[in-house]
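Residue numbers (this note's numbering): 56 to 211.
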């Protein structure tokens, strides 16, 4: 049974497989654990953050989200499934081994207190805080079950 679950991650769209769905929920929890240590929190937005970015709520698929600018910092316009009712928060995910921005993970939880708010994530009705972190990427994303699916970054 385990072999069947692992093999099913190799489907054309791994986000549609149950095994990768469970893996992504586990990865979101691992990322949250890393965030709560406080040592990986970003105090500023990474330089490669902008344009159309991958974003997702754990348990839902990756959605292209557009990043805009406000006086309070960047705002991520999220038009996907599962946007949390306030409170909630988004996290800019930066790969700690490459320093590359990977995507925005959106949590349906109270945001941690005392962390720098870098901007916001909006569903068009309200805005939740946007934090940032460096994450041990190999602990949360694999080639078979990536945390974020590839998106068309030229989409508008």
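Backbone N, C-alpha and C define an ideal beta-carbon position, used for all residues, glycine too.
Less than 8 Å separating the beta-carbons of residue i and residue j?
| i | j | result |
| --- | --- | --- |
| residue 122 | residue 131 | yes |
| residue 118 | residue 134 | yes |
| residue 138 | residue 104 | no |
| residue 108 | residue 159 | yes |
| residue 166 | residue 129 | no |
| residue 202 | residue 196 | yes |
What residue from the options has the CA that sits closest to residue i's CA?
| i | options | result |
| --- | --- | --- |
| residue 97 | 207, 204, 84, 190 | 190 |
| residue 174 | 180, 147, 78, 164 | 147 |
| residue 124 | 140, 176, 95, 115 | 176 |
| residue 180 | 188, 150, 140, 110 | 140 |
| residue 246 | 204, 77, 206, 115 | An answer regarding residue 246 cannot be provided, because it is not within the stretch 56 to 211 covered by the chain. |
Please list the terminal residues of the continuous beta strand (DSSP E) segment that includes residue i.
| i | result |
| --- | --- |
| residue 84 | Where residue 84 is concerned, there is no enclosing beta strand (DSSP E), although the alpha helix (DSSP H) it sits in stretches over 73 to 91. |
In the DSSP assignment, what residue or residues form a beta bridge with residue i?
| i | result |
| --- | --- |
| residue 177 | 132, 182 |
| residue 189 | 149 |
| residue 119 | 109 |
| residue 159 | 110, 147 |
When you compare only the Cα positions, how much space is there between residue i and residue j?
| i | j | result |
| --- | --- | --- |
| residue 81 | residue 161 | 14 Å |
| residue 171 | residue 75 | 31 Å |
| residue 183 | residue 199 | 31 Å |
| residue 61 | residue 73 | Because residue 61 carries a pLDDT of 45, less than 50, the predicted location of this residue cannot be relied on, and the following value inherits that uncertainty. Computed Cα separation, rounded: 10 Å. |
| residue 91 | residue 144 | 13 Å |
| residue 70 | residue 85 | 18 Å |
| residue 188 | residue 136 | 23 Å |
| residue 110 | residue 126 | 22 Å |
Taking 7 Å as the line, does the beta carbon of residue i fall inside it for any heavy atom of the ligand HEM?
| i | result |
| --- | --- |
| residue 70 | Although the ligand HEM was asked about, the structure shown includes no ligands whatsoever. |
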